Amino acid sequence: EGGHAAQDGFASREAFEAFVNQAFGGGLGGGRRAREGFAAPGADMSYTLSVSFLDAAAGAVRTIMLPDGKGLKVTIPEGATDGQTLRLKGQGGPGYDGGPPGDAYVALRIEPHAFFRRRDDDIHVELPVTLHEAVLGARIAAPTIAGPVTLTVPKGANTGTVLRLRERGVRNRKTGQRGHQFVTLKVVLPTAPEPALAAFLETWRPTTPQDPRREMLK
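Put into structure tokens, the structure is as follows:
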């Protein structure tokens with residue numbers, strides 16, 4: 525899935541043999557005799573693997589299909605980051621004349637998510653709430669990287685109110701501790717006309733005067 529190969533070193537056995545022939549063929553009695561007992565490791569192979577945001581956060585196993593039809597199994601560690609390179613020892617090109625195989629290096633490219641954003645081990649998400657939920661408070665379902673949880677919206681919440689879900693972020697690979705998820709509320713007005721709400725606002729006067737544009741117009 526998403527794997528693309530790029531190879532360093534000798535591209536094939538024929539290229540390696542040609543190199544040995546050119547370097548040692550004349551002075552050592554011919555290329556075949558020069559190669560006897562000359563073991564060399566195989567070429568390292570490089571791949572790029574596209575990984576979904578949630579698979580990178582939770583960890584997963586994916587397979588890169590190689591040009592020869594074989595599959596290279598890649599274990600994506602929990603909390604993997606964009607650009608992280610995994611080394612698969614002995615999974616590169618075959619060795620020469622009994623030499624060990626090379627290694628495979630897999631660079632991870634993490635795909636963006638539709639609404640989750642990651643900052644270090646923390647997850648950030650903007651969550652829409654209705655006017656009713658914001659004014660009166662509510663218990664609502666909120667998405668996390670591990671699935672929905674119940675979130676308490678406090679009374680009087682506003683657009684920009686930030687709530688924290690403890691240890692609902694990504695697990696740190698070194699410490700084993702999870703980050704947090706920060707939920708930024710966004711109050712969404714009704715999409716259809718609400719005559720009762722409009723009639724209420726016609727007569728309602730706030731007890732505390734408010735000018736949300738005051739700082740902008742100084």
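Using our numbering, you'd call the opening residue of the sequence shown number 525 and step up by one each time. Positions of the beta carbon are idealized from the N, C-alpha and C atoms, including for glycine. Keep in mind the model is a prediction, meaning the values are calculated, not measured.
{"Check": "Alpha helix (DSSP H) segments (min. 4 residues) lying fully within the stretch 630 to 675", "Outcome": "655 to 660"}
{"Check": "Residue interval of the beta strand (DSSP E) (run including L725)", "Outcome": "Careful: L725 lies outside any beta strand (DSSP E), inside the alpha helix (DSSP H) at P719 to T727."}
{"Check": "Interface flag, G622 vs chain D, CB-CB below 8 Å", "Outcome": "Note that chain D does not occur in the displayed structure, where there is just one protein chain."}
{"Check": "Neighbourhood of R688 by C-beta distance below 8 Å, restricted to the same chain and skipping five residues each side", "Outcome": "H704, Q705, F706 and V707"}
{"Check": "Reference R695, options V711, A665, A604 and A563, closest by Cα", "Outcome": "A604"}
{"Check": "Status (buried if at least 16 other CB within 10 Å, exposed otherwise) for F577", "Outcome": "buried"}
{"Check": "Straight-line gap, T732 to V585 (C-alpha atoms, nearest Å)", "Outcome": "57 Å"}
{"Check": "DSSP beta-bridge partners of R692", "Outcome": "Paired residues: none, contrary to the question."}
{"Check": "Simplified DSSP assignment, three categories, for L578", "Outcome": "helix"}
{"Check": "Distance CB(P652)-CB(V598) smaller than 8 Å", "Outcome": "no"}
{"Check": "Residue environment, L596, which counts as buried when at least 16 other CB atoms sit within 10 Å", "Outcome": "buried"}
{"Check": "Sequence-distant residues of its chain with Cβ nearer than 6 Å to E650 (five each side left out)", "Outcome": "T708 and K710"}
{"Check": "Alpha-carbon spacing of L725 relative to Q734, whole angstroms", "Outcome": "15 Å"}
{"Check": "Any 3 or more C-beta pairs closer than 8 Å across the stretch 611 to 620 and the stretch 562 to 580", "Outcome": "yes"}
{"Check": "D474 classed as buried or exposed, judged by whether at least 16 other C-beta atoms fall within 10 angstroms", "Outcome": "Since the first and last residues shown for the chain are 525 and 742, residue 474 lies out of range."}
{"Check": "Run of the beta strand (DSSP E) containing G743, from where it starts to where it stops", "Outcome": "Nothing can be reported for residue 743, as the shown portion of the chain is limited to 525 through 742."}
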